[in-house]
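Heads up: the sequence shown begins at 61 in the numbering used here, then just goes up one per residue. By construction, the Cβ of each residue, glycine as well, lies at the ideal position given by its N, Cα and C atoms. Since the structure comes first, as structure tokens, the remarks are kept for the end.
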Amino acid sequence: QTGNKAFELVLKQDPLLIVPRCGIINNLVLDFKYSDALAIMAEDPSFIDRCPEYGLVKSRCEAMLAKTADAVVSFEKSYPRVRGEINRVEPIVLELYRQGNTKEAEQLMARCVELCSTDADACLLASDLQFKLGNYQASLDQADKGLQSEPDHSRLKSFKARAMYAVGQKDE
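Given below as structure tokens:
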């Protein structure tokens with residue numbers, strides 16, 4: 061139950077209609093109603109297959125509800141199919157870290173970088189997260205890795221400089 065009768069009516073008439081379902085889920089997530097968003101996704105088992113980016117939304121909802129194992133499984137099922145959705149990974153990883161699930165957060169981050177080894181944005185995410193954790197050398201390594209594929213990436217250059225300063229390479 062979403063509370064939006066018009067959306068619910070459309071979904072009952074045509075449960076495969078993707079746009080209303082996506083709109084409902086997005087609104088629920090924005091309203092921090094993660095359980096409700098998961099319930100909408102569960103109503104149609106093939107929804108994630110048709111819209112794999114919502115597997116990452118599902119993973120985020122599960123992470124927010126401290127369903128760590130489920131969040132990891134949803135991420136693993138979805139991320140290989142939607143590698144360009146790097147911006148959807150950060151909230152999942154940060155929430156896992158916030159909850160103290162460091163091992164799982166690092167697992168997802170490593171998997172993201174592994175699957176996107178040439179993706180500068182994946183390396184940017186990994187560099188930023190490692191920096192936030194105080195792992196400055198790992199942050200520097202990720203920034204360097206990303207700059208190998210995109211040498212002119214200005215944010216990666218900035219992250220590299222920040223990490224270099226943190227590890228004591230102030231003169232470079």
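Item, Value
"Nearest neighbour of residue 151, chosen from 116, 85, 82 and 133 [CA to CA]", "116"
"Cβ-Cβ distance between residue 167 and residue 186 below 8 Å", "no"
"Sequence-distant residues of the same chain with beta carbon closer than 6 Å to residue 226, five excluded per side", "196"
"Cβ-based burial, residue 9 [other Cβ within 10 Å; buried from 16]", "There is no way to answer for residue 9, as the model of the chain reaches only from 61 to 232."
"Closest by C-alpha distance to residue 181, when choosing among 120, 222 and 207", "207"
"Extent of the continuous alpha helix (DSSP H) to which residue 114 belongs", "113-124"
"Cβ distance (whole Å) where residue 89 is taken to contact residue 121 below 8 Å", "7 Å"
"Endpoints, the alpha helix (DSSP H) within which residue 135 is located", "128-138"
"Own chain, CB closer than 8 Å to residue 141, minus 5 neighbours either side, in chain order", "112 and 115"
"Residue interval of the alpha helix (DSSP H) (run including residue 207)", "196-209"
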